[in-house]
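Q: Attaching a single structure in structure tokens format; questions to follow.
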Amino acid sequence: MAYRVLGSPYALVLHQHVAYLRLRRQPFKVYCRTLTTTLFYALLFRARNAFCTVTPDGKSHLQMWQLVDAVERSGIQSVEDPFLVKKRTHPNIHLATWSIFVYASWWLAKTGAMYRWVDGESIEVVEGYFRYFLLIPGIGVPRAIVRQFRQAMQRLTSVTGVSKETAPYMHEHFQRLCGALEEHFQQHAETMFLLGTPHPTLADVSMGAAFSANFLMDDPPASFVVQKFPHLNRYLERVTGWRGGFFVGAEHTEEMNEWVIKASDGYADVIPESLSAFFQLIEEVMPFMLSQCAAFHAFMAGDGVRQLKREPLEEPWKGCSGYLVPQVTEIKSLMIIDNGVYTVRARAQDLEVALLAAREVVDDDFNTDDEGLGEVAEASTQKMTSASPTLTHETLRPEAGSKTRAVVSSDTSVDNKVAAEMDAGDSLAGDADFHRVFTKSNYRQRGVLPMRRGTSNLSSIAVDSRLDALRTMLYKMHHPHYTLSSVFHGRKMFVAIIPEYEVDRKRKETKGGVV
């Protein structure tokens with residue numbers, strides 16, 4: 250029996266499911282030609298909706314981590330290495346994996362939306378959307394309709410921080426990301442997987458899916474990646490099966506099965522130093538997610554929770570109740586780029602990803618049946634709490650200062666008045682709510698940061714220091730009082746905010762399984 254992957258070819262979750270099942274070498278079929286055919290197959294296979302994966306036993310899974318959990322617990326891990334690296338045996342790789350997972354699912358998804366709807370001018374993308382959702386042949390779509398459709402999408406993405414004003418920074422950040430990964434794979438040409446492990450991990454799935462869903466289907470940036478970063482492109486072909494903007498599968502990609510014959514037990518818990526630049530880029534933007542999590546904490550502790558309706562939940566949370574929130578929430582935080590202050594509404598699934606990763610890293614009792622975890626947990630906690638609470642971002646923020654003002658923007662446009670009053674030398678990174686990043690032209694023009702020696706080499710700081718900073722941020726994101734989970738409510742999908750006491754009761758009822 251094969252897994253049935255349903256959804257839109259432009260949806261990140263479909264690419265995540267395909268990348269995981271492909272690397273896991275599980276039989277699967279994809280149904281994503283049009284929404285009508287996808288709905289038909291969803292009814293045929295008794296799926297809960299048209300955007301999920303149906304397992305051979307008939308269960309529907311919305312998110313990648315739900316699918317991974319189902320497959321990993323099906324018994325396949327007895328003959329193959331698990332994609333979810335254990336914190337007990339490999340705490341550094343475990344931390345790196347979940348940090349990359351948050352970054353790829355959240356920030357790279359924003360960057361992909363920027364290329365697709367703000368920076369790009371490709372007609373093929375709009376035609377593809379028309380073919381899938383509206384059953385309208387895309388050939389000959391007037392440019393006026395394309396322009397109007399793109400403007401409508403820009404209005405939708407702007408509320409989550411993707412706009413013409415934020416596009417320059419996202420563009421530069423993505424270029425530096427590709428450069429950092431290219432340098433890493435050039436130095437480790439023999440390395441098949443991102444973290445240097447002898448088998449694929451969740452980091453490979455999340456990064457590969459982010460590129461195939463957002464950067465390999467559209468041009469730009471597909472040609473930019475293929476032409477300028479050959480080592481990165483080779484890695485992406487290997488883990489995704491995408492070549493030249495098309496999915497070619499496993500039979501046309503090199504080295505797909507070489508890792509199977511390699512011994513994978515007993516490998517060291519070491520992250521290559523060549524990834525320091527890559528983790529610096531994650532560290533650079535992660536405070537924006539930390540700010541969203543802090544806003545979520547305040548929202549649930551204040552009057553915001555009264556706006557939410559509490560509903561009884563269906564399987565796998567049957568017997569629990571939770572607050573259902575839509576994809577774009579009313580939880581707001583700030584994103585400060587150069588002198589632009591933007592109000593960003595958090596996506597519920599981004600919060601779900603971040604809080605899941607934080608719990609995986611911080612909570613030693615969560616999602617683990619490993620014995621002897623206490624000693625590792627104690628050492629990890631001591632290391633975490635001893636880390637400096639101030640997160641450093643040497644390349645893209647001004648030096649530390651004490652004059653920081655609380656600023657609020659009424660919409661996603663630049664708040665010129667606040668930006669004018671804000672001194673360029675003020676520190677905004679000490680508190681995630683006021684974290685500030687700069688484009689190259691801005692910080693060079695203002696001279697807020699002297700250029701470091703060897704600026705072409707971003708990895709002068711050890712990768713362990715990068716991981717310590719990410720661990721500290723995940724520690725601050727952690728919310729022990731609620732669990733967020735994507736759920737079905739009828740045939741619609743929501744993210745449920747479930748009180749932790751109900752989650753504990755449910756887990757005791759289903760001992761040995763994770764919902």
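Residue numbers (the working numbering): 250 to 764. Yeah, the Cβ is synthetic: ideal placement off N, Cα and C, and Gly gets one too.
What residue does the beta strand (DSSP E) around T578 start on, and which one ends it?
A: Here the question's residue 578 lines up with position 329 in the sequence shown. Where T578 is concerned, the enclosing beta strand (DSSP E) stretches over 577-586.
Q: Give me the Cα-Cα distance between P729 and E560, rounded to the nearest whole angstrom.
A: Walking along the sequence shown from the start, residue 729 turns up at place 480. Walking along the sequence shown from the start, residue 560 turns up at place 311. Using only the alpha carbons, I get a separation of about 21 Å.
Q: Reducing DSSP to helix, strand and coil, say where W314 ends up.
A: Mapped onto the sequence shown, residue 314 falls at position 65. DSSP places W314 in helix when its eight states are reduced to three.
Q: Taking DSSP as the reference, what is the three-state secondary structure of T346?
A: Locating residue 346 in the sequence shown gives position 97, where the first residue counts as 1. Looking at T346 - three-state DSSP - the assignment turns out to be helix.
Q: For the structure I just gave you, are there three or more beta carbon pairs, one from the stretch 362-370 and one from the stretch 414-432, closer than 8 Å?
A: Taking 8 Å as the limit for Cβ pairs, the verdict is that the stretch 414-432 does touch the stretch 362-370.
Q: DSSP state of W355, grouped into three classes?
A: For this step, residue 355 is matched to residue 106 along the sequence shown. Correct three-state label for W355: helix.
Q: Examine the Cβ distances between the stretch 346-353 and the stretch 523-532 and report whether three or more of them are shorter than 8 Å.
A: Enough Cβ pairs lie closer than 8 Å, so yes.
Q: Would you mind reading off the limits of the alpha helix (DSSP H) that contains E414?
A: Against the sequence shown, residue 414 aligns to sequence position 165. Here E414 belongs to no alpha helix (DSSP H), and DSSP marks it neither H nor E.
Q: Decide if T285 is buried, meaning its Cβ has at least 16 other Cβ atoms within 10 Å, or exposed.
A: The count along the sequence shown starts at 1 and reaches residue 285 at position 36. Exposed.
Q: Should R396 go down as buried or exposed, given a rule of 16 or more other Cβ atoms within 10 Å for buried?
A: If you number the sequence shown from 1, residue 396 lands on position 147. That one is exposed.
Q: What are the residues that DSSP puts in a beta bridge with H738?
A: The residue labelled residue 738 in the question sits at position 489 within the sequence shown. DSSP output for H738 lists K741 as bridge partner(s).
Q: Report the rounded CA-to-CA distance for T283 versus A401, giving the unit in angstroms.
A: The residue given as residue 283 occupies position 34 in the sequence shown. The residue given as residue 401 occupies position 152 in the sequence shown. Rounded to whole angstroms, T283 to A401 spans 21 Å at the Cα level.
Q: For H480, which residues from the same chain have a beta carbon less than 6 Å from its beta carbon, with the 5 sequence-adjacent residues on both sides left out?
A: Locating residue 480 in the sequence shown gives position 231, where the first residue counts as 1. Only E431, F434, Q435 meet the Cβ criterion.
Q: So, is T578 buried or exposed, given that buried needs 16 or more other C-beta atoms within 10 angstroms?
A: Looking up residue 578 in the sequence shown gives position 329. With 16 or more other Cβ atoms within 10 Å, it is buried.
Q: Are R297 and R740 close, meaning C-beta to C-beta below 8 Å?
A: For the purposes of this step, residue 297 is identified with residue 48 of the sequence shown, where counting begins at 1. For the purposes of this step, residue 740 is identified with residue 491 of the sequence shown, where counting begins at 1. A contact, by the Cβ cut-off of 8 Å.
Q: Please report the straight-line C-alpha distance between S472 and P391, rounded to a whole angstrom.
A: Here residue 472 refers to the residue found at position 223 when the sequence shown is read from its first residue. Here residue 391 refers to the residue found at position 142 when the sequence shown is read from its first residue. Approximately 25 Å between the Cα atoms of the pair.
Q: Between the beta-carbon of L444 and the beta-carbon of A452, is there less than 8 Å?
A: Here the question's residue 444 lines up with position 195 in the sequence shown. Here the question's residue 452 lines up with position 203 in the sequence shown. Yes. Within cutoff.
Q: If you pair each beta-carbon of the stretch 565-579 with each one of the stretch 733-749, do three or more pairs fall below 8 Å?
A: Yes: at least three Cβ pairs fall under 8 Å.
Q: Going by C-alpha distance, which of D306, P305, A291 is nearest A299?
A: The residue given as residue 299 occupies position 50 in the sequence shown. Here the closest residue by C-alpha is A291.
Q: What do you reckon, are the CB atoms on P470 and F478 nearer than 8 Å?
A: For the purposes of this step, residue 470 is taken as residue 221 along the sequence shown, with counting starting at 1. For the purposes of this step, residue 478 is taken as residue 229 along the sequence shown, with counting starting at 1. No, the Cβ-Cβ distance between P470 and F478 is not below 8 Å.
Q: Using the beta-carbon count (16 or more within 10 Å), is M726 buried or exposed?
A: The residue given as residue 726 occupies position 477 in the sequence shown. Buried: at least 16 other Cβ atoms inside 10 Å.
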